[in-house]
Amino acid sequence: MAMTEVSRRFAQHEELITGTEAVAQALRLADVDVMAGYPIRPYDSVMSSVAKMIANGQMDADFIVAESEHSQFEIVKHASATGARVFVGSSGVGWMYAMEAIVVTAALRLPVVALVGNRALDDPGAFGVEHNDALMVRDSGWLLYWVAEGQEALDATLLAYRVAEDARVSLPCALSMDGAFLTHSQHLVLVPEKDLVEAFLPPYDLKKRRFHPDNPISIAPQYNEDWVMETRKQSDAAMRRARGVIAEAYAELKRLTGRGDPDPFVETYRVEDADYVLIGMGTVAMPIKVAVDQLREEGKRVGFLRIKWFRPFPDEELRRLLHGRKGVGVVDRDYSYGSTRHGGAVYNEVRSALYDLEDRPPVIGFIAGLGGREVSVDDVFQIEAKLEQAAAGDLGAESAHWIGVRGPVE
Amino acid sequence: MASGSVDITYRGVFQKILAGNIVKTLVKASRHSGKIGGTISRYSDSPERNGIPAKQFAVIAESQDELHVEMAKYEPDNIRLIAALDDTLAKGHESWAWYGIRPIHLGLREGGALLVVSEHERAKLLEFIPRLPFEWRLAILPGEKSFSGLWVYHDDGTEFRVLGAIARLIPEVVGLEELEKEVGKGPKAEQHLDWLRQGYREVQVGTVPAGVGAPNTYEPVKLPEWTEMAEAIIVPAAPRGGRQEAFKKFTTRSERPVIDFDVCTQCKQCFVECPDSVFELTPEGYYNPEYEACCGCGICAEVCPVDDCIVMVDELAFADNRDLYEEWKADRAAYRQFFQGLLERERVTARSSRRKVSA
Ligand code: SF4
Ligand code: SF4
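Protein chains in written order, with the working numbering: chain Y, 90 to 499; chain Z, 57 to 415.
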């Protein structure tokens, strides 16, 4: 994301802050009413940032420390139903422990915004980034966004509230941020003033769905089989509408902040004339972009496409941007044991999205950076070389390639 | 103008805020000359544990690509300077199990600088710092190590003196002028600027030729392949009655407890209260610390009811973890002389007077 051009109307000042502090700044600007917390690394650094702002009088919100992750998500679900703008989050198995509350939040169409500080699922008790935690809800009706840089952490949080709370959508949104590289590193971030956010983000208004004595409703009754499928279809329709709402909101955010990518759903880096395109989510963008620049200097036409929104999945963009390429390599920071071609979740989605293309490119899967393992520029060179070989039929395309694991890989 | 990273190696928890402030100010200062940057708090140190060596980094770059390469790492590779905020880190640091003790200047390149906050002389530090195959710079910022806790912070000047010293050592990465601009913006600017300039003036810099220093015994650890690891997430535990070999704790300490066995009453308090079960019962009924396992927390010295019986002594007074009880048993007169010598010559904190004696 370019961070140079700044909208003339609105002042923004630069700060050196972590990705989680950038989220906290967005929460202050969005004037969040209720936040529930239960500590787990790496998400929890947002808790201390918000607590500090409340203590310093910079922010006015109810901060409720729950006794477990499950309660934490229940608290904000209920608060959201009463018309409060809420924030919550977790990491790894903490997110899993809250799962029952997480899925009902989506079913009830409550626009909770959550941060997932991506962390490997236990065991072992590791805390490096893997995307399996957030991906566990990919089928449940949560909007899912993957952040790559500190600036984007702030901007995407504002975007999340606007999209999630839009009456045409009304779905919860989870922002994924890689543990360590975003949560424990400080980035240069332009922080806008409140007037920009007020212009961008309308007040949260549930209208007839607001749970309030003046508006007597009962939420979440028991349904029998005559009713369930229709509610599922309502959620499906909302998720379909989200595409248009995201595009609209993103254009507005870009206009106000003076920064952003051409496309709301994906970031493209030197893709235009690329023969080979690498795909990834999150901070893996950093080494991949550097590798792309260096490969370009050697005359190789390589580009990078970063998936920002995983739900709704950018089908149209992928088809438009990837048809006719010589090869597409998907770098998954996740695993899906026993899946098609033993590939990761992103690989299988991308491959499926491209199936209808006449001139579909070969799609090769790579598993890298699990448990927070660094993905280096050299790793990306290796990925690109294997992609070329596999696309030419010189290397097995049947099975995802593991990069950076110690020991035999084929 | 140049880019590069600065590694701040410090004592976990006690120096966390100090290290964090230093890396943040370095990056913000570099903005005054149009550079970009970020900071990295080494993820595997979190949550920090008392005294256990930890690192934070300032990454300063001239292009997005330069920045992106380093920010995707746990420890950046383009280290221009390492600053050790506690001179006992000169003995090396073991931050986690399996990796062994790493030399303080690991990752330093030819011509790079190691800055140590210390009251000791260069020769003393080089007794502990391993030799390198190339020339490098050793800089000493005279002063006491600054320790605060997690919730309090001593604004005792160390932060700004270290920044000043850094500007002197790597002006091409971040210079005094940029730092003055940045520090001058903050609260208590006058005092902080004084400290900054003092550090710049007072730091003592010298080159260390290739091959000078302590023997370099460091071997990078070789981690097993997935086919060699035990299946299903199992690692060996400490043997019954034994100690965990994969992680010794002694690089955590800045001071070690030394016992005057002549006055010890065998009351057992030290044995009971030591959080790391460091004391072994001797056949004669004394409690003998196994120094490889001692983190130097000082609790034993606090609880020992006998004056000047357990004293905490500067870690740099010792070359190894030898068994002092055996020495006492072998030659009590010699041990008495040794113990008196410690009280007179070394930096000692003792329960009796809560005093601090500097040589
Ligand atoms: S200083 Fe004393 S109490 Fe603390 S670990 Fe060492 S022997 Fe135990
Ligand atoms: S606490 Fe002091 S007096 Fe008691 S056994 Fe330990 S060293 Fe001896």
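We put the CB at the ideal spot given by N, CA and C, even for glycine.
C-alpha of LEU484(Y) to C-alpha of ALA374(Y): approximately 25 Å in a straight line.
As the crow flies, the alpha-carbon of LYS111(Z) is around 16 Å from that of GLY60(Z).
In this chain, the alpha helix (DSSP H) harbouring LYS166(Y) covers 158 to 170.
DSSP, read as helix, strand or coil, puts LEU137(Z) in strand.
Beta-bridge analysis with DSSP links ILE143(Y) to no other residue.
Under the rule that a run must span 4 or more residues, the alpha helix (DSSP H) segments found entirely inside the region 302 to 361 of chain Z read 325 to 329 and 355 to 359. In this structure SER180(Y) touches TYR132(Y) by the C-beta definition: roughly 4 Å separates them, less than 8 Å. HIS301(Y) has a beta carbon lying at 8 Å or more from every beta carbon in chain Z. Taking the Cα positions, ASP445(Y) is about 18 Å away from GLY418(Y). For ILE368(Y), the enclosing beta strand (DSSP E) begins and ends at 365 to 369. Neighbours of GLU463(Y) in chain Z, taken as residues at a C-beta separation under 7 Å, are given in chain order as ALA128, LYS129 and TYR130.
Legend: CB atoms of the region 446 to 471 of chain Y lying less than 9 Å from CB atoms of chain Z belong to residues GLY461, GLU463, VAL464, SER465 and VAL466. Closer than 8 Å to the CB of VAL125(Z) there is at least one CB belonging to chain Y. Remark: three or more beta-carbon pairs, one from each stretch, lie closer than 8 Å, so the region 62 to 69 of chain Z and the region 106 to 124 of chain Z are flagged as touching.
With contacts defined by Cβ atoms closer than 8 Å, GLY108(Y) and VAL236(Y) form a contacting pair. Beta-bridge partners of SER274(Y) (DSSP): ILE96(Z). Exclusion of the five residues before and after GLY156(Z) leaves GLU150 and VAL277 as the residues of its chain whose Cβ lies within less than 7 Å of its Cβ. ASN77(Z) has no beta-bridge partner at all, per DSSP.
Excluding residues up to 5 positions away in sequence, GLY148, ILE185, PRO186, ASN272 and TYR274 lie with their Cβ nearer than 8 Å to the Cβ of PRO159(Z) in the same chain. Within the same chain, PRO200 and TYR293 come within 7 Å of GLU254(Y) by CB-CB distance, once the 5 residues on both sides are set aside. Take SER324(Y), set aside five residues on each side of it, and the residues of its chain with a beta-carbon closer than 6 Å to its own are GLY230, in chain order. Taken in chain order, the complete beta strand (DSSP E) segments of 3 or more residues contained in the region 258 to 282 of chain Z are 260 to 264. If you check the CB distance, ALA375(Z) and GLU402(Z) do not come in under 8 Å. Ranking ASP212(Y), VAL218(Y), ASN304(Y) and ASN145(Y) by CA distance to the CA of GLY206(Y) puts VAL218(Y) first. Not a single C-beta of chain Z is nearer than 8 Å to the C-beta of HIS167(Y). Taking 8 Å as the upper bound for CB-CB distance, GLY126(Y) and MET136(Y) are in contact here, some 4 Å apart. Any Cβ of chain Z closer than 8 Å to the Cβ of ARG130(Y) would place that residue at the interface, and such an atom is present. Only MET375, PRO376, LYS378, VAL379 and ASP382 from the region 375 to 394 of chain Y bring a Cβ to less than 7 Å from some Cβ of chain Z. Under the DSSP assignment, MET124(Y) falls in the beta strand (DSSP E) whose first and last residues are 123 to 126. Per DSSP, the beta-bridge partners of GLN101(Y) are PRO281(Y).
Ranked by Cα distance from SER134(Y), the first of ALA150(Y), GLY268(Y) and VAL498(Y) is GLY268(Y). The Cβ atoms of PHE162(Y) and ALA187(Y) lie closer than 8 Å to each other.
Between ligand 2 and the CB of CYS365(Z), the shortest heavy atom gap is smaller than 7 Å.
A Cβ of chain Y is located within less than 8 Å of the beta carbon of TYR99(Z).
By the Cβ-count criterion, GLY298(Z) is exposed, with fewer than 16 other Cβ atoms from all chains shown falling within 10 Å of its own Cβ. The closest heavy atom of ligand 1 lies 7 Å or more from the beta carbon of ILE108(Z).
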